[in-house]
Ligand SMILES: C[S@@+](CC[C@H](N)C(=O)[O-])C[C@H]1O[C@@H](n2cnc3c(N)ncnc32)[C@H](O)[C@@H]1O
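Residue numbers (our numbering): 18 to 455.
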C-alpha cells in the first residue's frame with residue numbers, strides 16, 4: 018500500500034523540525050549516546066524509520082531520534098509529514114508509535130545474537146548476561162535446556178515448562194500427600210479465615226520441580242542431601258531418581274512409613290533408595306551423626322499455618338516464640354552436619370499471627386542461618402497459582418490483606434565462595450534427553 022501522496026519522505030533541514038513539547042518519552046544518557054552512535058553508523062535507518070511530523074513540523078514520532086540527529090551533527094533528515102491525521106489521531110500516534118506490543122524472547126536473543134552487539138545497539142541487558150568474565154558466549158541452547166528452568170530470582174510454577182516438569186514427576190506416582198491425613202491436620206485460625214484451606218485437600222504438596230532445581234543447581238554431583246523436616250516422600254524420591262543420597266528426618270512416624278511405601282511403589286530395585294528416619298530433629302546431630310551433608314534442603318512448618326500433629330515436640334503446634342527458638346536450634350545442628358563450601362536451601366513462607374500481622378518468619382529463617390556463619394547467597398520468589406485464593410479475595414480485602422501466592426526459596430552458602438566454580442561444574446542434564454527418548 019503506497020504512502021498517501023501527502024505523506025512522502027522529504028529530506029528536511031533539521032532546524033525546521035520542532036521537538037514535541039508534550040513528548041511523554043525520555044532517554045537515559047548511555048542510551049542516548051548509543052542512539053547517536055547508531056545514527057552515525059547506520060544513517061539509512063532514518064530513511065526506513067523517518068521522523069514523523071505534523072503540518073506545523075512538530076514531531077509526532079521520533080523525538081529522541083531528532084535529538085540524536087542534532088547531536089550527531091546532521092544538517093538534514095528524512096521526515097514524513099502526516100498531514101492527514103486529525104488532532105485525536107496525532108495524540109494516538111504519539112503513544113502508539115512507542116508502544117511495542119511484543120516482548121523479547123530472551124532465549125532467541127541469547128541464541129541468535131551476540132550479547133555485546135545487542136548491548137551496543139542499546140538493548141537493556143545486564144553486563145554478565147549470557148557469559149562469565151573472559152568466558153566464551155554460551156553455545157546455542159535454550160536457558161531451560163541448560164538449567165531446566167531459566168535461572169532467575171522469580172520461579173514461576175504456572176509456566177508451561179514448569180508444569181510439564183511437574184507433570185513428569187507426578188506421573189512417576191509420587192504421592193507426597195500420603196502420611197498427612199487431612200482430618201488430623203489443623204490449620205491456624207488465620208489460615209482458615211484466609212480460605213487458605215480452600216484447596217481441595219487443604220494439604221500443601223511440596224513441588225517436585227523445586228526439589229529438582231535445588232538438587233541440580235546447589236548440590237555437587239552425587240552429593241548427599243540432609244532434610245531435617247522431611248514431610249512427604251517427594252524430596253526423597255526426586256533425590257533418588259536423580260542419583261543423590263538423601264536422608265530425611267520427620268517427627269511423625271506415620272509420615273515416614275507412608276514415604277517408604279510410596280518410594281517402594283515409585284523406585285526400581287536398581288535405584289538408590291532414600292533414607293527416612295523419624296524423631297525430633299532437635300536431635301538431628303544424634304539422628305544423623307557423621308552424615309556430612311553436601312546439601313541441606315528442606316521446607317519447615319510455616320509456624321502454625323499447618324499443625325501436623327499434637328506431639329509436644331512438633332514445632333508447628335508451638336507458640337511462635339517457642340517455635341522459632343527450637344527451629345533455630347534445629348537449623349544450627351543441621352548446619353553443623355553440612356560440609357564446608359556447600360549450600361543450604363530452605364523453602365519458607367511468611368505466616369500471620371492471630372492479629373493478622375506477619376511473624377517475619379522469612380527474616381527469622383535468614384537470621385537463623387546467618388547465626389551459623391552461613392551467608393545468604395540467593396533468594397528467589399516461588400510464584401504459585403492463585404487457584405482457590407481468588408475465592409477468598411473479597412473476604413480478606415475487607416481487612417486489606419492481599420492473598421499470598423508466593424513462597425521464598427532461600428539459598429545459603431557455608432565456606433569460601435571462590436570454591437563454588439570448582440565444586441559445581443556445568444550441569445549434566447543428559448537425563449532429560451533420556452526421559453524424552455523413553
Ligand atoms: C510437611 S513439612 C513442611 C511442609 C511445608 N510447610 C509445606 O507447605 O510443604 C513439615 C514437617 O515438619 C515435621 N516436624 C514438625 N516438628 C518437627 C520436629 N521437631 N522434628 C522433625 N520434624 C518436625 C512435621 O511432622 C511435618 O511433616
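Virtual Cβ for every residue (Gly too), placed ideally from N, Cα, C. It should be emphasised that the depicted structure is a prediction, and the values quoted were computed from it without experimental measurement.
Between residue 321 and residue 359, the CB-CB gap reaches or exceeds 9 Å. DSSP places residue 397 within a strand segment (E or B) once states are collapsed to three. In this structure, residue 267 sits near residue 247, with a CB-CB distance shorter than 9 Å. Under the DSSP assignment, residue 96 falls in the beta strand (DSSP E) whose first and last residues are 93 to 98.
Out of 116, 293 and 54, the CA that lies nearest to the CA of residue 271 is found in 293. With 16 or more other CB atoms across the displayed protein chains lying within 10 angstroms of its CB, residue 241 is buried. Residue nearest to residue 36 within the set 71, 405 and 28 is 71 (criterion: CA-CA distance). Residues of the same chain with a CB within less than 8 Å of the CB of residue 171, apart from the 5 flanking positions on each side, are 397, 398 and 400 in chain order. Within 10 angstroms of the beta-carbon of residue 179 lie 16 or more other beta-carbons, which makes it buried. Take the alpha-carbon of residue 326 and the one of residue 131: they are about 56 Å apart. If you check the C-beta of residue 247 against ligand 1, you find a heavy atom less than 8 Å away. For residue 320, the secondary structure class from DSSP, reduced to helix, strand or coil, is coil.
Excluding residues up to 5 positions away in sequence, 71 and 77 lie with their Cβ nearer than 6 Å to the Cβ of residue 107 in the same chain. Remark: three or more beta-carbon pairs, one from each stretch, lie closer than 8 Å, so the stretch 243 to 261 and the stretch 350 to 358 are flagged as touching.
Counted as a single uninterrupted DSSP element, the alpha helix (DSSP H) harbouring residue 271 occupies residues 270 to 283.
For residue 358, the enclosing beta strand (DSSP E) begins and ends at 355 to 365.
Taken from the Cβ of residue 354, every heavy atom of ligand 1 lies 8 Å or farther away.
Residue pairing from DSSP leaves residue 109 without any beta-bridge partner.
In the three-state scheme derived from DSSP, where H, G and I count as helix and E and B as strand, residue 314 is classed as strand. In this structure, residue 252 sits near residue 316, with a CB-CB distance shorter than 9 Å. A distance criterion of 8 Å places the beta-carbon of residue 291 beyond contact range of ligand 1, judged by its closest non-hydrogen atom. Contact check for residue 168 against residue 234 passes: the beta carbons are separated by less than 9 Å.
Relative to ligand 1, the beta carbon of residue 268 is positioned inside 8 Å of a heavy atom. By the neighbour-count definition (other C-beta atoms within 10 Å, threshold 16), residue 103 is an exposed residue.
Annotated three-state conformation of residue 265 is strand, per DSSP. The shortest CA-to-CA distance from residue 98 to any of 191, 430, 346 and 26 is the one to 26. For the beta strand (DSSP E) assignment, the uninterrupted runs of no fewer than 3 residues enclosed by the stretch 157 to 197 are, from N- to C-terminal side, 171 to 173.
In the DSSP assignment, residue 87 falls within the unbroken alpha helix (DSSP H) covering 80 to 88. Segment contact: the stretch 425 to 439 against the stretch 387 to 396, three or more CB-CB distances shorter than 8 Å; contact assigned. In the displayed model, residue 134 falls within a helix according to three-state DSSP. DSSP places residue 242 inside the beta strand (DSSP E), whose first and last residues are 241 to 244. Taken in chain order, the whole alpha helix (DSSP H) runs of length 4 or more contained in the stretch 395 to 446 are 406 to 414 and 437 to 440. Comparing alpha carbon positions, the residue from 370, 323 and 438 closest to residue 338 is 370. Within 8 Å of the C-beta of residue 109 there is not a single heavy atom belonging to ligand 1.
Going by DSSP, residue 28 is part of the beta strand (DSSP E) stretching over 26 to 30. The Cβ atoms of residue 290 and residue 250 lie no closer than 9 Å to each other.
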